[in-house]
Amino acid sequence: MKSYFFLLVFSLGLATSCKSEKKVELPLDTVALPLHNKRVLILGNSITQHGYYVDFIDYYLRKHYTDNSLDIISIGLSSETISDSSEPGRDFPRPNVRERLDKALKDIKPDVVLACYGMNDGNYHPLDSLRFQKYKNGISELKTKVEGIGAQLILVTPTIFDPNPIADRVSKEGEPHAYWHPYYKYNDVLTAYSDWLLSLETEELQVIDLHHHLNSILANMKHITADSTFVPDGVHPNKIGHFYMAQKILQDLYPEVPIENPVSEIERLKADSLFTLVSKRRNLRSEGWRNYIGYIKNGDTVKADSISSTITKVKLLDDNILKLLSQ
Numbered sequence: 647m648k649s650y651f652f653l654l655v656f657s658l659g660l661a662t663s664c665k666s667e668k669k670v671e672l673p674l675d676t677v678a679l680p681l682h683n684k685r686v687l688i689l690g691n692s693i694t695q696h697g698y699y700v701d702f703i704d705y706y707l708r709k710h711y712t713d714n715s716l717d718i719i720s721i722g723l724s725s726e727t728i729s730d731s732s733e734p735g736r737d738f739p740r741p742n743v744r745e746r747l748d749k750a751l752k753d754i755k756p757d758v759v760l761a762c763y764g765m766n767d768g769n770y771h772p773l774d775s776l777r778f779q780k781y782k783n784g785i786s787e788l789k790t791k792v793e794g795i796g797a798q799l800i801l802v803t804p805t806i807f808d809p810n811p812i813a814d815r816v817s818k819e820g821e822p823h824a825y826w827h828p829y830y831k832y833n834d835v836l837t838a839y840s841d842w843l844l845s846l847e848t849e850e851l852q853v854i855d856l857h858h859h860l861n862s863i864l865a866n867m868k869h870i871t872a873d874s875t876f877v878p879d880g881v882h883p884n885k886i887g888h889f890y891m892a893q894k895i896l897q898d899l900y901p902e903v904p905i906e907n908p909v910s911e912i913e914r915l916k917a918d919s920l921f922t923l924v925s926k927r928r929n930l931r932s933e934g935w936r937n938y939i940g941y942i943k944n945g946d947t948v949k950a951d952s953i954s955s956t957i958t959k960v961k962l963l964d965d966n967i968l969k970l971l972s973q
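So for the sequence shown, the working numbering puts the first residue at 647; every next one is plus one.
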């Protein structure tokens, strides 16, 4: 079944187919490149903390725009919400990005902020007007604060929930709902959140629609083989799912960048030295900045006193990345 799944994804893929920690000034002749030559902050939950989609984006942009700097800081945090809501009965409330947002904006000083929230914000319950309003309030506050520092906000709709791989522990109407027993139609909640985000889009506010994009891909896969998925635990996309995420984000921001089939590309990237360095750099920089900004999770406060060691280590990786790109 596993080999057939990869053959299936391969077929579907064919069909769908930073130089320092100092903020980079934006040259006028590169303004058309949405993420280049400026500082980019990526916010999100565990899916962003896992970071595979950020690795793919970073790698392909470095490969295709070798003469322009790329300065992405991704500080996704597992379990985080933007709504400040949690399931009843949790020992500790979920982290809330609004608790660290001011410091992140002040210390990182981004020109662009990408934010992907929603998966945890519905608390794995049926659609609830109070939770939904808290989500709307959180997005509104994020927008106000990002625009308040003169940065551009790009919203990203939440990914998808697939109940099939965890059919033995989903909950139905009238049963207790929680992360470990999510509502079996929770994807409908994420669709409602995504549709609302899309209604906010204007010329000034871009919304990248991961949710419906991934829904369509998964529906096509299941039409061929009913138990196919790229969300093996129902919530977190695997690397193929992250590849589809990166594919959609790049399609919207850099349509001129060709993205190959996920299975063949993921296999090829295992032996690609540049990708290895880019992924290591993203992981190191993400952890360093996430801890320096600080957060509270499960009753524990995490706060690093300095970012200097991260800057030094990232600089060494930058030098090696530049050498590979210049070959």
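Yeah, the Cβ is synthetic: ideal placement off N, Cα and C, and Gly gets one too.
Status (buried if at least 16 other CB within 10 Å, exposed otherwise) for residue i
i: K916; result: exposed
i: L962; result: exposed
i: N944; result: exposed
i: Q779; result: exposed
i: W826; result: exposed
i: V948; result: exposed
i: R815; result: exposed
i: P904; result: exposed
Under the three-state DSSP convention, the category residue i falls into
i: R685; result: strand
i: G794; result: helix
i: V909; result: helix
i: S817; result: strand
i: A838; result: helix
i: H771; result: coil
i: Y829; result: strand
i: A678; result: coil
i: A872; result: coil
Cross-strand partners of residue i (DSSP beta bridge)
i: D946; result: K943
i: D717; result: R685
i: N742; result: T727
i: I800; result: L760, Q852
i: G690; result: C762
i: A824; result: H827
Same chain only: Cβ atoms within 6 Å of residue i, ignoring 5 sequence neighbours per side
i: L773; result: V835, A838
i: S817; result: H823, H827, Y829
i: L687; result: I719, I754, P756, V759
i: K894; result: L856, H859
i: A750; result: I939
i: Q798; result: V758
i: A950; result: N937, Y938
i: H771; result: H823, Y829
i: E793; result: none
i: L971; result: T712
When the options are compared against residue i, the one with the closest alpha-carbon
i: S954; options: N966, D946, T947, I939; result: I939
i: D965; options: R931, S932, Y941, L923; result: L923
i: N742; options: M765, I728, I693, I870; result: I728
i: G764; options: N691, E933, T871; result: N691
i: H888; options: D737, S725, T805; result: T805
i: Y832; options: E850, G768, L851; result: G768
CB contact below 9 Å: residue i versus chain C
i: Y829; result: The structure shown contains no chain C, having only a single protein chain.
Own chain residues within Cβ distance below 7 Å of residue i, not counting five before or after
i: I812; result: D879, G880
i: I703; result: A892, I895, L896
Cut-off 8 Å between Cβ atoms - residues of its own chain near residue i, not counting five sequence neighbours on either side
i: V853; result: I800, L801, V802, T803, L843, L844, L846, E847
i: I967; result: R708, L920, L923, V924, R927
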